[in-house]
Amino acid sequence: MSATPPLRRNGMLWAVVAVAFGESEAAILAGRLQSLGIPAFLEREALGSVLPLGIGIGQIRILVPEDAYELAMAILYPAEGTLLTDGLESDGEDWEWEDDESDPH
9 MSATPPLRRN
19 GMLWAVVAVA
29 FGESEAAILA
39 GRLQSLGIPA
49 FLEREALGSV
59 LPLGIGIGQI
69 RILVPEDAYE
79 LAMAILYPAE
89 GTLLTDGLES
99 DGEDWEWEDD
109 ESDPH
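Quick note: the sequence shown uses the working numbering, first residue 9, plus one each step.
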């Protein structure tokens, strides 16, 4: 992730720790940080804020106080270059239930 300049909000400097492309991923990332006591907020692109949530267009940036940046990065990227939510995305396969002939229902 490339470094972006900190953002000043309410007199504090905030740094971007991740960019998500959907509400669910953004909520997971921010929630993980918040559950560990790190303040986090989401900043949506203007386009994403006017479209229905399910569309999935537009980036959502996850920000933390600048002094919590290093800790947040260690939490969100537990392995070099791997975001906490990597692997949670659907692989495009549809789920199918297997018929179990021994089940009377």
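All C-beta atoms in this analysis are idealised placements derived from N, C-alpha and C, irrespective of residue type, glycine included. In this text the structure is predicted, and so the values were computed from the model without any measurement.
{"query": "Status (buried if at least 16 other CB within 10 Å, exposed otherwise) for LEU44", "result": "exposed"}
{"query": "Simplified DSSP assignment, three categories, for ILE46", "result": "coil"}
{"query": "Rounded separation between SER57 and ARG69 - CA only", "result": "The pLDDT assigned to SER57 is 49, lower than 50, so where the model puts this residue is not dependable; a value taken from the coordinates is nonetheless given after this. One C-alpha to the other measures close to 13 Å."}
{"query": "Status (buried if at least 16 other CB within 10 Å, exposed otherwise) for ALA80", "result": "buried"}
{"query": "Beta-carbon spacing of LEU37, LEU84 below 8 Å", "result": "yes"}
{"query": "7 Å Cβ shell around GLU33 - same chain, five flanking residues per side excluded", "result": "THR93"}
{"query": "Per-residue burial, ALA23 [other beta carbons within 10 Å of its own, 16 or more giving buried]", "result": "buried"}
{"query": "Residue of LEU21, MET20, GLY19 and VAL27 minimising C-alpha distance to GLN67", "result": "VAL27"}
{"query": "Check whether ALA48 and VAL72 have beta carbons under 8 Å apart", "result": "yes"}
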